[in-house]
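In what follows, a structure is listed as structure tokens, so that the remarks can point back to it.
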Amino acid sequence: MVVLAVFAGAAPAAKKKTSGGIVVRYVGVRRGGVLGGQHMILRVAPPLQQRRGADIIVPNNNPTGKAYDPDAHMVRIIKTLKRGDLIRVRTVTWDRTRQMLSTIAPYTLQPGDEDPDCFRYVKLTRKTTGRRTDVGVSLVKFGVSQVVMIPSAKGADGKWTPDAALLAKAGGFKAGDLVKITTARTRLGVVLKDMVKYAPVRAGRFVKMESQKAGAIETVTVVIQCADRERRLRVPNRRDGKGKSAPDPVLLASVKQLAPNQDVTFEVRRAGQIDYLDAIAPAKPSAPDTQPATKPVQADEAPKPVDATDGPAE
81 MVVLAVFAGA
91 APAAKKKTSG
101 GIVVRYVGVR
111 RGGVLGGQHM
121 ILRVAPPLQQ
131 RRGADIIVPN
141 NNPTGKAYDP
151 DAHMVRIIKT
161 LKRGDLIRVR
171 TVTWDRTRQM
181 LSTIAPYTLQ
191 PGDEDPDCFR
201 YVKLTRKTTG
211 RRTDVGVSLV
221 KFGVSQVVMI
231 PSAKGADGKW
241 TPDAALLAKA
251 GGFKAGDLVK
261 ITTARTRLGV
271 VLKDMVKYAP
281 VRAGRFVKME
291 SQKAGAIETV
301 TVVIQCADRE
311 RRLRVPNRRD
321 GKGKSAPDPV
331 LLASVKQLAP
341 NQDVTFEVRR
351 AGQIDYLDAI
361 APAKPSAPDT
371 QPATKPVQAD
381 EAPKPVDATD
391 GPAE
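Throughout the sequence shown, residue numbering follows my numbering, covering 81 to 394 in sequence.
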């Protein structure tokens, strides 16, 4: 049996330790012999990634009973679910390989949930060891917490200090803010590269690109037709190696690949009175569920028992 810890970190060894609530994707249920009795087993998977799922034991109405008799309240909720629905669950850890369902409830997507780089900001964390101070950013998504470290550098005085610009930017957010992060992989692990306020992904239809010059400065505007109105978004200018200001070359290349009337998704950043284009890409068609089919078991049925030593039903 694969434990829920594949999503939330290693499971503790202590028995009956309650985990914090996390959000998962419902896959299905089956019946299995586990913990010396017959139980309904709930199969879940990570909310965004196509990774191997995990099994959670549904308690029986009689906690010490051995007969198949899943908790009536939980069954009522499970019967309303269909494959792919998001749910928030809490579990009780019995050992390193088994988790028992404690609570279950439907979950509604929140802003930023579907963007894998969007997190809810919690706080800065600091750890000082000798002459070195490491600072990390504590983030949470779908109930799972993680810390991304701000890279440090060794100064002339031999003291390690975190990147001042990143530290100032990260310190400007407050608990609960939605942020979008960019990370980089180094030999010491994954570190923070940038963090900005989250801007929701919008949808529209690319109309055209306009270019104007004022002296040596070129300004590019992208016109996008949205459902409610036409948006005119400026491509931000960057300074090149010679100090010359020009439209962001990466973003400009993305715009030039678009065809008129092509459906796109895009992000907007407002600075002062100007709306800037932060990102743009062709809209992706809805992908069908490619996971192996799992024949759902009706919550009030009693199918043929499955030994818990067998692999989880796919």
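Built from N, CA and C at the ideal position, the CB exists for glycine as well.
Closer than 8 Å to chain C by CB, residue i
i	result
M180	Of the chains in the structure shown, none is chain C; there is only one protein chain.
Boundaries of the alpha helix (DSSP H) in which residue i is found, first to last residue
i	result
P329	329-336
A250	244-250
R282	Note, R282: premise wrong, no alpha helix (DSSP H); beta strand (DSSP E) at 282-294.
V315	Where V315 is concerned, there is no enclosing alpha helix (DSSP H), given that its DSSP letter is neither H nor E.
I158	152-158
Contacts around residue i, its chain only, beta-carbon distance under 7 Å, and the 5 residues preceding and following it disregarded
i	result
K288	V303, P340
A152	N141
R312	T301, V303
K249	M275
Residue range of the beta strand (DSSP E) that includes residue i
i	result
R176	Unbroken run through R176: none, as it is neither H nor E.
I360	354-362
I102	102-114
L122	117-125
I261	258-266
Q190	Counting along the chain, Q190 falls outside any beta strand (DSSP E), and DSSP gives it neither H nor E.
L272	269-277
D343	343-351
T144	Element bounds for T144: n/a, residue is neither H nor E.
Cβ-based burial, residue i [other Cβ within 10 Å; buried from 16]
i	result
D274	exposed
Q179	buried
V300	buried
I137	buried
V109	buried
Q292	exposed
P365	exposed
A134	buried
K358	Looking at the sequence provided, one finds Asp at residue 358 rather than Lys. Buried, by the Cβ-count rule.
L215	The residue asked about is misnamed: residue 215 is Val in this sequence, not Leu. Burial call: buried.
R319	exposed
A373	Because the pLDDT at A373 is just 42, under 50, the model does not fix this residue reliably, and the value given afterwards should be weighed accordingly. It is exposed - the Cβ of A373 has fewer than 16 other Cβ atoms within 10 Å.
Rounded straight-line distance, which links the Cα of residue j to that of residue i
i	j	result
G192	C306	20 Å
Q337	V315	15 Å
L272	L115	43 Å
G352	A296	23 Å
A236	D343	52 Å
S325	L331	14 Å
T370	G321	Caution is warranted here: a pLDDT of 45 is assigned to T370, below 50, making its placement in the model unreliable, and no coordinate value can be reported.
R349	D355	6 Å
P150	P127	25 Å
T171	V103	12 Å
L204	I230	10 Å
R285	P242	42 Å
E194	A294	40 Å
Y187	R176	27 Å
P280	R105	22 Å
G210	L189	44 Å
P327	V217	31 Å
G223	G101	6 Å
G112	L122	10 Å
K277	L246	13 Å
G251	A264	20 Å
E310	P143	60 Å
Y148	G117	7 Å
Own chain residues within Cβ distance below 8 Å of residue i, not counting five before or after
i	result
L219	F199, R200, Y201, V202, S225, Q226, V227, V228, V259, I261
G256	R200, Y201
L161	Y106, I167, P186
Same chain only: Cβ atoms within 6 Å of residue i, ignoring 5 sequence neighbours per side
i	result
F346	R282, I360
I157	I184
K239	R211
E290	T301
Hey, which unbroken runs of the alpha helix (DSSP H) at 4 residues or more fall wholly within the stretch 196-256?
244-250
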